[in-house]
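Residue numbers (this note's numbering): 97 to 677. Every residue gets a Cβ at the ideal spot worked out from N, C-alpha and C, and that includes glycine.
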RNA sequence: UGGGCCGUCGCCAAGUUGGUUAAGGCACUGGGUUUUGAUCCCAGCAUACCUAGGUUCGAAUCCUAGCGGCCCAGCCA
């Protein structure tokens with residue numbers, strides 16, 4: 097193990113990974129001089145999701161970390177906008193916001209593949225001139241038919257032998273708009289018999305008479321990903337171009353383009369290198385763009401920022417935090433093996449972050465009335481609760497106690513089961529920050545539902561007073577004075593899907609059975625109810641995070657929360673070793 | 001059955017120019033603190049690195065043969 101790797105382990109910092117090792121080598125050899133330049137290259141055709149968060153922390157994090165030893169290290173936000181039929185400005189703005197939300201300032205380092213259209217076009221002509229690209233006039237069906245299969249080589253196009261002059265002429269006319277979509281296509285001249293399908297004369301430029309969100313109608317031909325991406329990397333001086341595993345087979349093509357262009361004098365070495373890592377797989381969610389779109393357009397969720405959705409917009413509204421995502425990214429690491437991360441890992445990361453930063457408050461989510469029969473009617477007294485158990489400097493706040501209180505319905509059992517140590521007839525429990533009480537009875541309605549609970553308090557046991565510690569009770573429940581609480585809309589969210597792998601085969605399924613992931617949606621993932629909260633909670637700002645004691649972490653809704661109508665979303669519950677067993 | 005990538009504890013993941021006892025995190029289990037069944041603290045947790053052979057004084061690391069998983073036949077990215 098290297099010294100730096102040992103340090104990382106000892107300081108419990110980010111673990112070493114194969115990408116860092118590669119970069120370390122390049123730094124040691126000064127391959128790229130004093131810089132490590134990465135890029136985050138989303139296509140602006142959808143919203144960013146949890147998988148992108150992994151990539152963002154990887155790319156921006158690397159540039160940030162290496163800035164210490166390689167001062168010129170940077171990470172570019174680059175919109176990969178080479179397909180005008182799918183991309184929109186709306187997404188560009190949303191992506192920029194999400195990246196900023198995660199904590200990365202992209203001002204001054206915002207790039208677009210479309211900014212390089214002229215240069216890309218020039219590179220294409222260069223390849224044609226070098227007899228390394230040709231205009232094919234077969235239609236897409238014919239191209240598919242001659243591409244061969246995984247086990248059989250393809251056949252050369254009849255247009256493969258066109259002269260350089262003819263190719264140049266046709267390509268220029270393509271660019272001039274003389275042809276309709278699909279009439280011709282520019283292909284790299286590599287090898288139709290290559291075992292790697294990507295090398296069988298891949299398409300470089302296609303005709304698309306479409307309006308581009310940034311270049312308007314200036315172009316009617318657009319470069320393909322494989323061509324645009326490597327050239328964009330080279331133009332921006334990217335040193336390490338990180339992408340997911342499915343692009344591994346594209347690397348030879350990435351290198352082919354850049355090597356040829358370097359030989360032709362268009363780029364100087366060192367050239368950027370592509371390195372692949374495995375994409376994020378998470379249980380209980382779907383992360384494919386197609387499925388996400390289906391959920392939104394099919395009305396299965398309430399828009400792209402639905403708190404149930406694994407989009408960054410949804411996460412923010414759910415109350416997930418950038419710091420929580422950072423923890424998550426560090427925890428799952430980076431490698432090339434296919435991994436499946438349990439959703440609880442993400443939830444734990446959010447809990448850990450929120451535990452540290454969220455002030456405590458009291459909310460009764462499913463209120464039932466408790467009457468202290470020996471407490472004077474009309475009397476009110478102050479109880480004091482710390483705002484954070486580990487941070488005394490955050491102070492305390494006053495919580496008024498009176499005769500009639502709201503407590504959590506599930507904190508009372510008329511006939512307690514074994515191990516239940518909250519309130520039950522004849523049993524004692526402490527009102528958190530208040531007195532010890534003893535249950536003396538309860539009312540039932542016609543449906544045998546508990547409607548009211550009665551108890552007597554012990555005046556000698558008030559929290560914080562001398563002698564209050566003399567008697568210990570195991571149970572400790574939260575409460576709110578009826579007169580001093582306000583109703584709030586409480587949105588209880590849970591995992592979007594009811595099964596770990598939505599849409600996947602299950603044991604016992606017929607081999608040919610096709611399951612629809614939509615059928616695996618968890619109908620209980622959203623549950624809206626009215627609870628009672630501390631008075632001051634209504635006044636908080638949207639997006640304020642709190643721990644509602646004994647209930648979980650909640651956030652004031654980004655859009656709907658107002659002082660007049662408070663709305664809180666449950667981010668994640670507290671861990672509960674009682675509920676488990 | 002073409003090519004590429006991967007296979008180390010329940011989940012991640014170091015280690016892979018062969019060298020004594022296979023990092024770390026999460027989960028889990030046990031104990032302690034605690035006015036949140038939360039948090040926090042302490043301890044435990046792979047004679048074993050997909051399998052089988054082989055090379056070697058010595059192999060997770062090298063060789064051979066298998067097995068298993070993922071990706072690729074868009075004028076998408």
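Is residue i helix, strand or coil by DSSP?
i: residue 628; result: strand
i: residue 490; result: helix
i: residue 255; result: coil
i: residue 390; result: helix
i: residue 374; result: coil
i: residue 396; result: coil
i: residue 651; result: strand
i: residue 385; result: helix
i: residue 504; result: strand
i: residue 524; result: strand
i: residue 380; result: coil
i: residue 673; result: helix
i: residue 623; result: strand
i: residue 275; result: coil
How many whole angstroms separate the CB atoms of residue i and residue j, which I take to be in contact at a CB cut-off of 8 Å?
i: residue 282; j: residue 229; result: 6 Å
i: residue 469; j: residue 481; result: With 8 Å as the limit, residue 469 and residue 481 do not qualify as a contact, their Cβ atoms being about 24 Å apart.
i: residue 414; j: residue 589; result: 6 Å
For the beta strand (DSSP E) containing residue i, name the first residue and the last one.
i: residue 232; result: 229-232
i: residue 465; result: 463-468
i: residue 171; result: 170-175
i: residue 534; result: 532-540
i: residue 575; result: 575-577
i: residue 315; result: Unbroken run through residue 315: none, as it is neither H nor E.
i: residue 304; result: Residue 304 -> no beta strand (DSSP E), and no H or E assigned at all.
Which value, in whole angstroms, describes the spacing of the CA atoms of residue i and residue j?
i: residue 103; j: residue 112; result: Summary for residue 103: the model assigns pLDDT 33, below 50, so the residue's position carries little reliability; its value from the coordinates is reported in the next sentence. The alpha-carbon atoms of residue 103 and residue 112 are separated by roughly 10 Å.
i: residue 185; j: residue 140; result: 7 Å
i: residue 587; j: residue 625; result: 6 Å
i: residue 669; j: residue 647; result: 6 Å
i: residue 105; j: residue 448; result: Its pLDDT being 32, under 50, residue 105 is placed unreliably by the model, and the measurement read from it follows with that caveat. Distance between the alpha carbons of residue 105 and residue 448 is about 20 Å.
i: residue 640; j: residue 506; result: 26 Å
i: residue 288; j: residue 253; result: 9 Å
i: residue 424; j: residue 510; result: 42 Å
i: residue 667; j: residue 495; result: 24 Å
i: residue 575; j: residue 338; result: 52 Å
i: residue 528; j: residue 645; result: 10 Å
i: residue 466; j: residue 549; result: 5 Å
i: residue 173; j: residue 366; result: 21 Å
i: residue 306; j: residue 180; result: 6 Å
i: residue 346; j: residue 294; result: 6 Å
i: residue 538; j: residue 379; result: 43 Å
i: residue 436; j: residue 151; result: 16 Å
Go ahead and label residue i buried or exposed: buried means 16 or more other beta carbons lie within 10 angstroms of its beta carbon, across all protein chains shown.
i: residue 422; result: buried
i: residue 674; result: exposed
i: residue 386; result: exposed
i: residue 472; result: exposed
i: residue 148; result: buried
i: residue 220; result: buried
i: residue 369; result: buried
i: residue 434; result: exposed
i: residue 98; result: With a pLDDT of 31 at residue 98, under the threshold of 50, the predicted position of this residue should be treated as unreliable, and no value is reported.
i: residue 134; result: buried
i: residue 643; result: buried
i: residue 567; result: exposed
i: residue 431; result: exposed
Would you mind reading off the limits of the alpha helix (DSSP H) that contains residue i?
i: residue 143; result: Looking at the DSSP string, residue 143 is not in any alpha helix (DSSP H), and its letter there is neither H nor E.
i: residue 616; result: Looking at the DSSP string, residue 616 is not in any alpha helix (DSSP H), and its letter there is neither H nor E.
i: residue 665; result: Careful: residue 665 lies outside any alpha helix (DSSP H), inside the beta strand (DSSP E) at 663-668.
i: residue 445; result: 439-453
i: residue 218; result: 213-225
i: residue 359; result: 347-359
i: residue 480; result: Premise fails: residue 480 lies in the beta strand (DSSP E), 477-482, not in any alpha helix (DSSP H).
i: residue 208; result: Segment 206-208 is the beta strand (DSSP E) holding residue 208; no alpha helix (DSSP H) there.
i: residue 412; result: 408-414
i: residue 123; result: 114-124
i: residue 428; result: 418-428
i: residue 325; result: 321-332
i: residue 192; result: 185-197
i: residue 587; result: Where residue 587 is concerned, there is no enclosing alpha helix (DSSP H), although the beta strand (DSSP E) it sits in stretches over 581-589.
i: residue 269; result: 260-272
Return yes when the C-beta of residue i is under 7 Å from any heavy atom of the ligand HEM, and no when it is not.
i: residue 596; result: Of the ligands one can find in the structure shown there are none, so the ligand HEM has no counterpart to examine.
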